[in-house]
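Asks:
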Amino acid sequence: MAQGFGRRDGELYAADVPLRLLAEAVGTPAYVYCAETMRERVRRLDDALAGIPHRVHYAAKANSSGGVLRTLRDAGVGVDVVSGGELFKAIRAGFRPQTDIVFGGVGKTLREIGEAIAVGVKLLNVESEAELHLASEMAVELKTTAAVGIRVNPDVEVETAHEYIATGDKEHKFGVPLDDAERVARVAMALPGLALQGLHMHVGSQLYSYAAYREGAEKLVALAKTLRAAGAPIRYLDLGGGLPVPYAPNEGEPDLAAYGAVMREAVAALGDVELLVEHGRYLVAASAVLVTEVLYRKHNGGVDFVVCDAGMTELIRPSHYDAYHHVEPVGAVTGQVTADVVGPVCESGDFLAVARTLPDVQPGDLLAIHTVGAYGSAMASRYNARGFAAEVLVDGNRWAVVTQPEDYTDLVRQDVESPQWQET
Ligand code: LLP
Numbered sequence: 003m004a005q006g007f008g009r010r011d012g013e014l015y016a017a018d019v020p021l022r023l024l025a026e027a028v029g030t031p032a033y034v035y036c037a038e039t040m041r042e043r044v045r046r047l048d049d050a051l052a053g054i055p056h057r058v059h060y061a062a063k064a065n066s067s068g069g070v071l072r073t074l075r076d077a078g079v080g081v082d083v084v085s086g087g088e089l090f091k092a093i094r095a096g097f098r099p100q101t102d103i104v105f106g107g108v109g110k111t112l113r114e115i116g117e118a119i120a121v122g123v124k125l126l127n128v129e130s131e132a133e134l135h136l137a138s139e140m141a142v143e144l145k146t147t148a149a150v151g152i153r154v155n156p157d158v159e160v161e162t163a164h165e166y167i168a169t170g171d172k173e174h175k176f177g178v179p180l181d182d183a184e185r186v187a188r189v190a191m192a193l194p195g196l197a198l199q200g201l202h203m204h205v206g207s208q209l210y211s212y213a214a215y216r217e218g219a220e221k222l223v224a225l226a227k228t229l230r231a232a233g234a235p236i237r238y239l240d241l242g243g244g245l246p247v248p249y250a251p252n253e254g255e256p257d258l259a260a261y262g263a264v265m266r267e268a269v270a271a272l273g274d275v276e277l278l279v280e281h282g283r284y285l286v287a288a289s290a291v292l293v294t295e296v297l298y299r300k301h302n303g304g305v306d307f308v309v310c311d312a313g314m315t316e317l318i319r320p321s322h323y324d325a326y327h328h329v330e331p332v333g334a335v336t337g338q339v340t341a342d343v344v345g346p347v348c349e350s351g352d353f354l355a356v357a358r359t360l361p362d363v364q365p366g367d368l369l370a371i372h373t374v375g376a377y378g379s380a381m382a383s384r385y386n387a388r389g390f391a392a393e394v395l396v397d398g399n400r401w402a403v404v405t406q407p408e409d410y411t412d413l414v415r416q417d418v419e420s421p422q423w424q425e426t
């Protein structure tokens, strides 16, 4: 059984299903996912962590479509959620709060804290002293004890693709500053309704160097020892996500053995602890392509343009992070052109690729934009009144629509056409 995306007789396939067939059946643009690629990534990550007491929690922010969540749940991972909406979707997809769900996020509302505690998530990662007080009040009100972790900002520098995806500098908004973490942890220990069971960090995303993990983990381990000595029942070391995937031809797969070694060291240094990791991108990015139809070719001011029916509304990463995504025709196309691959949205920043050399595609041809499983549909918008695109899951030679595309009527579903005016 084939898996991933590959060419047969000049045509691009998702596992054993031709992408052209899917485009004809479902329309474009459409995200197409390979289930087996996700499972394979779960296996690779579990293998890298073999021998370490651990649980992989999929970071649902990368993609919280039901089809993706259920595939990963069936593959045996837990989930990391950052909002009430993600918590709702995760539970609906079958994840069990007490064993499978950790909840994080820098700006949780009282409602979200209450929901997380009411369902009894495995770990509520708290990001400030003020949030601890709210969690304590909630737990007391609900007559329960909430398992909490403190997200520590370990103040480490990371090398990553774009400054927007580094999160562990002390100037970033995330977590409790390292030099204040012990004091805040002692607040957690003293407050009613809370059990301080974990320490958490997440230093950044798309990280090829593991120095930041090692440096951050050492700081967390030292703090965990201090807190244990003071009586805190620390059971979890949550070292976040951030493993990279290759997007551009000069990028490779991450060295998972080296990553596993850093994790193993941290767990060994503390002992008697379960490692939690929260990877999003690594598990889902490579599992999907965005299939789009070429609508027009243009030549403006010396630049060639390939105008497609997908753009920044379906994939914002190129315009938001200058990200590179590989683009290839679905069918066999001869000749070559160097062009900007752009969408239909009314913004100059609406591009999928800039000055890209690719086969000389013409209107009616299909293109596949690669590595869109993470932060693709999850960051989609309805700008220009464009409905969300369909999502299709492929498994071997079978395929199914797992997210219906939005149509025009979906765009006005929440519109209140006869408003109920209130007088004050
Ligand atoms: N845990 C926490 C606390 C996070 O903030 C993140 C990502 C993750 C886990 C998962 O990170 P991953 O394994 O996917 O790298 N939209 C950006 C990426 C933003 C990542 C934000 N936090 C992009 O498209 O590159």
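In the numbering used here, the protein residues as written are 3 to 426. Each residue gets a CB set at the ideal place from its N, CA and C atoms; glycine is no exception.
From R400, R384, Q424, G109, pick the residue whose C-alpha is nearest to that of E408; which is it?
Replies: When only C-alpha atoms are compared, the closest one is R384.
Asks: Find the nearest neighbour of V374 within the set T146, G351, D362, A325, judged by alpha-carbon distance.
Replies: Selected option, being the one with the closest Cα: A325.
Asks: Give me the Cβ distance between K63 and Q100, rounded to the nearest whole Å; I'm assuming they're in contact under 8 Å.
Replies: In fact, because the Cβ distance is near 21 Å, the residues do not count as touching under 8 Å.
Asks: On a Cα-Cα basis, can you pick out the residue from A32, E161, L292 that is closest to A213?
Replies: It is E161 whose Cα lies nearest to the Cα of A213.
Asks: Applying the criterion that 16 or more other CB atoms from any shown protein chain within 10 Å of the CB defines a buried residue, is A355 buried or exposed?
Replies: Buried: at least 16 other Cβ atoms inside 10 Å.
Asks: What's the call for S350, buried or exposed, on a 16-neighbour Cβ count within 10 Å?
Replies: Exposed.
Asks: Taking just the CA atoms, how far does I236 sit from L225?
Replies: Rounded to the nearest angstrom, the two C-alpha atoms are 10 Å apart.
Asks: Tell me the rounded alpha-carbon separation between G282 and Y33.
Replies: Distance between the alpha carbons of G282 and Y33 is about 17 Å.
Asks: From which residue to which residue does the alpha helix (DSSP H) around Y215 run?
Replies: That run of the alpha helix (DSSP H) goes 213 to 231.
Asks: Where does L245 sit, in a helix, a strand or coil, going by DSSP?
Replies: Three-state result, L245: coil.
Asks: Mapping the DSSP letters down to three states, classify K124 as helix, strand or coil.
Replies: Coil, per DSSP.
Asks: Along the chain, where does the alpha helix (DSSP H) that runs through Y284 open and close?
Replies: Its alpha helix (DSSP H) spans residues 283 to 286.
Asks: If you draw a straight line from the C-alpha of L134 to the C-alpha of L126, how long is it?
Replies: The straight-line gap from Cα to Cα measures roughly 10 Å.
Asks: Could you give the DSSP three-state label for G326: helix, strand or coil?
Replies: Sequence inspection shows Tyr at residue 326; the Gly mentioned does not correspond to that position. Three-state result, Y326: coil.
Asks: Counting pairs of Cβ atoms below 8 Å between the stretch 334 to 353 and the stretch 394 to 402, do you hit three or more?
Replies: Too few Cβ pairs lie closer than 8 Å, so no.
Asks: So, does the CB of A355 fall closer than 9 Å to a CB anywhere in chain D?
Replies: Note that chain D does not occur in the displayed structure, where there is just one protein chain.
Asks: Would you give the residue range spanned by the beta strand (DSSP E) that Y385 belongs to?
Replies: Note, Y385: premise wrong, no beta strand (DSSP E); not H, not E.
Asks: When you compare only the Cα positions, how much space is there between L209 and D76?
Replies: Using only the alpha carbons, I get a separation of about 27 Å.
Asks: Tell me whether the stretch 294 to 312 and the stretch 79 to 90 touch, counting them as touching only if at least three CB pairs, one residue from each stretch, are closer than 8 Å.
Replies: The stretch 294 to 312 vs the stretch 79 to 90: no contact.
Asks: Measuring straight from C-alpha to C-alpha, what distance separates M265 and D311?
Replies: Using only the alpha carbons, I get a separation of about 43 Å.
Asks: One question on the structure: do V309 and K300 come within less than 9 Å of each other, judged by their Cβ atoms?
Replies: Yes, these two residues count as a Cβ contact at 9 Å.
Asks: Give a yes or no on whether the C-beta atoms belonging to G177 and V108 are separated by under 9 Å.
Replies: Yes, these two residues count as a Cβ contact at 9 Å.
Asks: Just to check my reading of the structure: L136 and I115 have Cβ atoms closer than 8 Å, yes? What is that Cβ distance to the nearest angstrom?
Replies: Going by Cβ atoms, the distance from L136 to I115 rounds to 5 Å, so yes, they are a contact pair.
Asks: Whose C-alpha, out of R216, A263, S211, is nearest the C-alpha of G254?
Replies: Minimum Cα distance to G254 is reached at S211.
Asks: When you compare only the Cα positions, how much space is there between G151 and I103?
Replies: Answer to the nearest angstrom: the Cα atoms are 13 Å apart.
Asks: Taking 8 Å as the cut-off, is the beta-carbon of H281 closer than that to any non-hydrogen atom of the ligand FMN?
Replies: Absent from the structure shown: the ligand FMN. Ligands present: the ligand LLP.
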